[in-house]
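Protein chains in written order, with the numbering used here: chain A, 20 to 503; chain U, 20 to 503.
We put the beta carbon where it would ideally sit given N, CA and C, even for glycine.
Presented below is the structure to which this report refers.
There are 2 protein chains.
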Amino acid sequence: MAEQKNQQFVKEIADMTVDFPQWFTDVVIKTGMVDYGPVKGTMVIRPYGYAIWERIQQELNVRFAAHGVENAYFPMFIPYSYLTKEAEHVEGFAPEVAVVTHAGGEELSEKLVVRPTSETIIGKMFSKWIQSYRDLPVRINQWANVVRWEKTTRPFLRTSEFLWQEGHTAHRTEEEAVEMTLDILRVYEEFAANVLAIPMLVGKKTEKEKFAGALATYTIEAMMLDGKSLQSGTSHHLGQNFAKAFDIRFLDKDGTLHLPYQSSWGVSTRLIGALVMAHGDQRGLALPPKVAPKQVVIVPVAAHKPGVIERASALADELRLKGVRVELDARDQSPGWKFNEWEMKGVPLRIELGPRDIENNACVTVRRDTHDKTVQSLDGIAETVLALLDEIQANMLEKARNFRDSHIVTVSNVDELKEAVDNGNFTKTMWCGMRACEDKIKELTAASSRCMPFDQTPVGEKCVCCGKPLASGEGHVIYFAKAY
Amino acid sequence: MAEQKNQQFVKEIADMTVDFPQWFTDVVIKTGMVDYGPVKGTMVIRPYGYAIWERIQQELNVRFAAHGVENAYFPMFIPYSYLTKEAEHVEGFAPEVAVVTHAGGEELSEKLVVRPTSETIIGKMFSKWIQSYRDLPVRINQWANVVRWEKTTRPFLRTSEFLWQEGHTAHRTEEEAVEMTLDILRVYEEFAANVLAIPMLVGKKTEKEKFAGALATYTIEAMMLDGKSLQSGTSHHLGQNFAKAFDIRFLDKDGTLHLPYQSSWGVSTRLIGALVMAHGDQRGLALPPKVAPKQVVIVPVAAHKPGVIERASALADELRLKGVRVELDARDQSPGWKFNEWEMKGVPLRIELGPRDIENNACVTVRRDTHDKTVQSLDGIAETVLALLDEIQANMLEKARNFRDSHIVTVSNVDELKEAVDNGNFTKTMWCGMRACEDKIKELTAASSRCMPFDQTPVGEKCVCCGKPLASGEGHVIYFAKAY
């Protein structure tokens, strides 16, 4: 019976090997992470998804603060004219903005855009706040909603409105701005590895793929289980572009006026999509303990027998005292049904506790990542559980790293590149640096450039596309992959 | 010199006894809590203000969770037609909304409003999620930005866009919905007293003042130092109004379909304005330790002397270890300048530490609330500081309570009422319950009804306005005051 229900339950989710996009949608909807909003392209982030976002926020806030970053909040309505002040910026964002034309029952004298990102309005405020070199650096972050109108949308991955953080800094020198840009990139990489258990490919974007208005964009790219890439965070060196556009000037030590150098950087609720597609399996979600809303679920077996619920409840309290996020599932459902539900919801560790276990002063733990089932003594169970959660966290990263590393193929021509990405791989190759080649690869293979890693040790001697020979120091090592 | 600078500094802030509104604006701008946004009526919440908001969020999240409330996020764009589904609701909010007519380069087929509040979109989602009595109760909260287009605006108090939390719940029975409404009201009251050190007047709003679409609105009202009231949070019993409008129906235990009963409730960044106007003085802000971004500032005296900075730094570390939010101000400015700055910023406790103090194994503490200056031993200083912070927190509440209680005048006719409110008091009186009297009082005195307290022990025998005799059980005990 439990076995039947098990199968039935998993059947609610599409087979990930057959239809990965449908598997993703099934998982995020059926686990109660998200729902579709009434306006096309919008999403409702439900408590199970939002709890993950709150953990992401907490983890990043600590890291940002360690880099001298303070949180603030800027208005979401930006005068349309601001958008046009930086030429590349308006070209990149104008087609996607939502526009407020009326408010308070009247037509507005100037249209307002709902922020697609906040470089412009923050640039305006910086021009007011930054007068002297003593005012620098300014390092500000905001957690906010942003709107980018998209034709094709998918919960978490691409929605008209999403939640994110956007950091904005201003510095006296270019070196400091570049250092900040790269410091945050490293924060993202470390956070993704240690909290989300996702090993990122890290590097620089091509001119084509960089942020509209930046001098350089750096990115963290996650490999999803279908071999596609998910751009998961970016950090931009803005140079003096926005300082020029918004006339941010400071009096330097030598008494002359200068434009500061800026950085901006962000990650979004897209990270929740990354988690799903990096760790899930046929049974549904698998969440790393550090972001799991519930780390442990206790399922009582033969719960009607005297003492079972009481012992399970005491166990839950014992774990809670040690800071474990634990759920005691005492609902009137069969254990098998509960096993399936909590597996689908990706809870890292399940504890089964029945009368015989209690008699033996024991319980059974089942890991979500490996499905390992182990009888554990109830003596020192909190320490056992904490150690298991650490193991699960480490193992998930290790597993994702092995998956990633075994799905990167070095290629030396477009046919090889196409074959590799069609088979669910990233490709590593050499590129001459010409936009024409980048475009042609996209056209022929549907793969886009993801990033140029910092380690530029050549993996070939000619451009993967045009075949141009690349002497030492010429061209770029680069990753191409299909992407979300 | 220090004394001169002191006076000069304070001169930057208007005299609160002469121009209280200007004093407020000076304080919130000059302490770096807030700045004006480029779009009329918007504000930028700067790090010093936002840090207070983050503490408010943390404190409330813990309390909401204890009442079974989970956080989530709903889209900010609401189809215009939703607004019109509940008759009172549209009447109340339609004049204030901002409207998106274009997005992604095209005119939208249906206009979207930027949420002024989310009962409608959440009602729509509830109608999808709530099918059975087993799905109830639903208790959801979101932290979000909302937009209400206002003619007259003031930072924190009334802005076109502000941040808030809005809780939305649905229940099987009316009793449960009312209980939730009042539970949260009590949460707000307790939080305001124990965290913000603001004693609230608590009660029910009149029909005129209730939320558009609610059956009943309950409120917490704070007395500002000018004797005006600031509505600081509301909790609404919505009855089945939105359930009807959005067709939320559940199958009850008896197999019949029913509409659930709902509550909604919220507090906003307005609370930061309440803090300023409840505790400030001629020197600027005074923040209760529980929400102060920095609880203690250490100002080294004769900082150039050997060992001073080192000892101050060790002291800061010692306090930090005990969880105190401490700032060591080692900037190249005079101690007097720093004293003034941190007083203006409302830091609850200042520690002065110079060579002679160090010699004596001592330091000087100066309380922001009482200006008490005390020599303290450096032995066990962390415990001393923690105890002082507790004392300051308690004293600020006590002081605000005394101020409030001494500024409530019981009145029995409109002349008395007018005189009392003109002299910076709240009035407590009897009201027959007629809208005409409520309107007339507003017209004649500029005071509005604030709330009807739960304790309805009569304070007179006739209506303050029309003079109608009120037999036992007739009419209402009510507070009238000028309000923000």
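Practice prompt. Please go through the same chain and pick out, in chain order, the residues whose beta-carbon is closer than 7 Å to the beta-carbon of Gly494 (chain U), but skip the five residues on each side of it.
Written response: One-based indexing of the second sequence puts residue 494 (chain U) at position 475. Cβ neighbours of Gly494 (chain U) beyond the five flanking positions: Met449, Trp450, Cys451, Gly452, Cys482.
Discussion item. Within a Cβ cutoff of 6 Å, which residues of the same chain sit near Tyr237 (chain A), ignoring the five residues on either side of it in sequence?
Written reply: Counting from 1 along the first sequence, the entry for residue 237 (chain A) is found at position 218. Hits under 6 Å: Leu204, Lys223, Ser254.
Practice prompt. Please confirm whether any heavy atom of the ligand FMN lies closer than 6 Å to the CB of Val496 (chain U).
Written response: In the structure on display, the ligand FMN does not appear, and there are no ligands present to speak of.
Item to complete: Go through the region 25 to 72 of chain U residue by residue and report every complete run of the beta strand (DSSP E) that reaches 3 residues or more, in order.
Response: 53 to 55, 62 to 64
Item to complete: Answer with buried or exposed for Ala262 (chain U), where buried requires no fewer than 16 other C-beta atoms within 10 angstroms of its C-beta.
Response: Translated into positions along the second sequence, residue 262 (chain U) becomes position 243. Burial call: buried.
Discussion item. I'd like to know if His108 (chain A) contacts chain U, where contact means its C-beta is closer than 7 Å to some C-beta of that chain.
Written reply: Along the first sequence, one-based indexing puts residue 108 (chain A) at 89. His108 (chain A) does not count as touching chain U.
Worksheet item: Terminal residues of the continuous alpha helix (DSSP H) containing Ala2 (chain A)?
Response: Residue 2 (chain A) lies beyond the residue range present for chain A, which begins at 20 and ends at 503; the question has no answer from this structure.
Discussion item. Is the beta carbon of Gly258 (chain A) closer than 7 Å to that of Leu234 (chain A)?
Written reply: Within the first sequence, the letter at position 215 stands for residue 234 (chain A). Within the first sequence, the letter at position 239 stands for residue 258 (chain A). It is a contact, given that the beta carbons lie within the stated cut-off.
Item to complete: Return the bridge partner residues of Gly252 (chain A) from the DSSP annotation.
Response: Against the first sequence, residue 252 (chain A) aligns to sequence position 233. Gly252 (chain A) is bridged to A:Ile239.
Worksheet entry | Per-residue contacts from Ile203 (chain U) into chain A (C-beta, under 8 Å) | Position 184 of the second sequence holds residue 203 (chain U). Those do not exist, as Ile203 (chain U) stays about 17 Å from chain A at its closest Cβ, beyond 8 Å.
Worksheet item: Of all the CB atoms in chain A, is at least one closer than 7 Å to the CB of Arg65 (chain U)?
Response: As a first step, residue 65 (chain U) must be located in the second sequence, where it is residue number 46. Yes, because at least one Cβ of chain A sits closer than 7 Å to the Cβ of Arg65 (chain U).
Worksheet item: Going straight from the alpha carbon of Glu240 (chain A) to that of Ala500 (chain A), what length do you get?
Response: As a working note, residue 240 (chain A) is residue 221 in the first sequence. As a working note, residue 500 (chain A) is residue 481 in the first sequence. If you take the alpha carbons of Glu240 (chain A) and Ala500 (chain A), they lie about 10 Å apart.
Discussion item. Would you call the region 45 to 58 of chain A in contact with the region 267 to 281 of chain A, where contact means no fewer than 3 C-beta pairs closer than 8 Å?
Written reply: no
Worksheet entry | Pro472 (chain U): contacting residues in chain A (beta-carbon distance under 9 Å) | Reading the second sequence from its first residue, position 453 is the one you call residue 472 (chain U). Under the 9 Å cutoff, chain A gives no residues; its nearest Cβ is about 34 Å from Pro472 (chain U).
Item to complete: Report all residues from its chain with a CB closer than 8 Å to the CB of Lys227 (chain U); omit the five preceding and five following residues, and keep chain order.
Response: By one-based count along the second sequence, residue 227 (chain U) stands at place 208. Within the same chain, Lys227 (chain U) has close Cβ partners Arg454, Glu457, Asp458, Ser468.
Practice prompt. Give me the Cα-Cα distance between Trp148 (chain A) and Leu270 (chain A), rounded to the nearest whole angstrom.
Written response: Translated into positions along the first sequence, residue 148 (chain A) becomes position 129. Translated into positions along the first sequence, residue 270 (chain A) becomes position 251. For Trp148 (chain A) and Leu270 (chain A), the distance between alpha carbons rounds to 12 Å.
Discussion item. Quick check on Ile460 (chain A): does DSSP put it in helix, strand or coil?
Written reply: Walking along the first sequence from the start, residue 460 (chain A) turns up at place 441. Helix.
Worksheet item: Who are the Cβ neighbours of Asn164 (chain A) in its own chain at under 6 Å, not counting the five residues just before and after it?
Response: The residue you call residue 164 (chain A) lines up with position 145 of the first sequence. Counting only Cβ-Cβ distances below 6 Å, and skipping sequence neighbours, we find Glu180, Leu182.
Worksheet item: Between which two residues does the alpha helix (DSSP H) containing His190 (chain A) stretch?
Response: Walking along the first sequence from the start, residue 190 (chain A) turns up at place 171. Unbroken run through His190 (chain A) is the beta strand (DSSP E), 180 to 190; no alpha helix (DSSP H).
Practice prompt. Check whether the Cβ atoms of Val320 (chain U) and Pro354 (chain U) sit closer than 7 Å, and answer yes or no.
Written response: Within the second sequence, the letter at position 301 stands for residue 320 (chain U). Within the second sequence, the letter at position 335 stands for residue 354 (chain U). Against a cut-off of 7 Å, the Cβ pair of Pro354 (chain U) and Val320 (chain U) comes out as a contact.
Fill in: Which of helix, strand or coil DSSP assigns to Glu169 (chain A)
Walking along the first sequence from the start, residue 169 (chain A) turns up at place 150. In this structure, Glu169 (chain A) counts as coil in the three-state DSSP scheme.
Fill in: Interface residues of chain A facing Trp168 (chain U) [CB-CB closer than 7 Å]
Here residue 168 (chain U) is taken as the residue at index 149 of the second sequence, counted from 1. Per Cβ cutoff of 7 Å: Ala122, Gly123.
Worksheet item: For the region 179 to 191 of chain U, which residues have a CB atom closer than 8 Å to at least one CB atom of chain A, in sequence order?
Response: Ser179, Glu180, Leu182
Discussion item. Would you say Phe93 (chain U) lies against chain A (beta-carbon separation less than 7 Å)?
Written reply: Indexing the second sequence from 1 puts residue 93 (chain U) at position 74. Yes, Phe93 (chain U) lies at the interface with chain A (some Cβ there is under 7 Å from its Cβ).
Worksheet item: Quick one: Cα of Ile83 (chain A) to Cα of Phe83 (chain U), how far?
Response: As a working note, residue 83 (chain A) is residue 64 in the first sequence. As a working note, residue 83 (chain U) is residue 64 in the second sequence. Checking the sequence, you will find Phe at residue 83 (chain A) rather than Ile. Near 27 Å, if we compare the C-alpha coordinates of Phe83 (chain U) and Phe83 (chain A).
Discussion item. Please tell me whether Glu169 (chain A) and Arg177 (chain A) are closer than 7 Å, where the distance is taken between their beta carbons.
Written reply: Reading the first sequence from its first residue, position 150 is the one you call residue 169 (chain A). Reading the first sequence from its first residue, position 158 is the one you call residue 177 (chain A). Result yes, Cβ atoms of Glu169 (chain A) and Arg177 (chain A) sit closer than 7 Å.
Worksheet item: How is Leu176 (chain U) classed by DSSP in three states: helix, strand or coil?
Response: Here residue 176 (chain U) is taken as the residue at index 157 of the second sequence, counted from 1. Here Leu176 (chain U) sits in coil by DSSP.
Worksheet item: For the alpha helix (DSSP H) that Met144 (chain U) lies in, which residues bound it at each end?
Response: The sequence position of residue 144 (chain U) within the second sequence is 125, counting from 1. Counting along the chain, the alpha helix (DSSP H) containing Met144 (chain U) begins and ends at 138 to 148.
Fill in: Closer than 8 Å at the beta carbon, the chain A residues around Ile159 (chain U)
Position 140 of the second sequence, counted from the first residue, corresponds to residue 159 (chain U). Within 8 Å of the CB of Ile159 (chain U), the CB atoms of chain A belong to Pro66, in sequence order along the chain.
Discussion item. Under 8 Å, with one C-beta from each stretch per pair, do the region 354 to 363 of chain A and the region 327 to 345 of chain A reach the 3-pair mark?
Written reply: No: fewer than three Cβ pairs fall under 8 Å.
Discussion item. Taking CB distances under 7 Å as the criterion, tell me whether Thr61 (chain A) reaches chain U.
Written reply: Along the first sequence, read from residue 1 onward, the residue named residue 61 (chain A) stands at position 42. Yes - at least one Cβ of chain U is within 7 Å of the one on Thr61 (chain A).
Fill in: C-beta neighbour in chain A for Tyr69 (chain U), strict 7 Å
By 1-based counting over the second sequence, the position of residue 69 (chain U) is 50. Yes, Tyr69 (chain U) counts as interfacial toward chain A.
Worksheet item: Between Ala91 (chain U) and Ile64 (chain A), is the Cβ-Cβ spacing less than 7 Å?
Response: Stepping through the second sequence from its first residue, residue 91 (chain U) is reached at position 72. Stepping through the first sequence from its first residue, residue 64 (chain A) is reached at position 45. Going by C-beta atoms, Ala91 (chain U) is nearer than 7 Å to Ile64 (chain A).
Practice prompt. Just the C-alpha distance for Pro174 (chain A) and Ala293 (chain A), rounded to the nearest angstrom, thanks.
Written response: Sequence index remark: in the first sequence, residue 174 (chain A) carries index 155 (1-based). Sequence index remark: in the first sequence, residue 293 (chain A) carries index 274 (1-based). Approximately 11 Å between the Cα atoms of the pair.
Fill in: 7 Å Cβ cutoff, Thr229 (chain U) in contact with chain A
Here the question's residue 229 (chain U) lines up with position 210 in the second sequence. One detail in the question is off: residue 229 (chain U) reads as Lys in this sequence, not Thr. Cβ-Cβ to chain A under 7 Å: no for Lys229 (chain U).
Practice prompt. Since I believe Gly443 (chain U) is in contact with Gly246 (chain U) (beta carbons under 8 Å), could you give me their beta-carbon distance rounded to a whole number of angstroms?
Written response: As a working mapping, residue 246 (chain U) is identified with position 227 in the second sequence. As a working mapping, residue 443 (chain U) is identified with position 424 in the second sequence. The pair is a contact, with the Cβ atoms about 3 Å apart (cut-off 8 Å).
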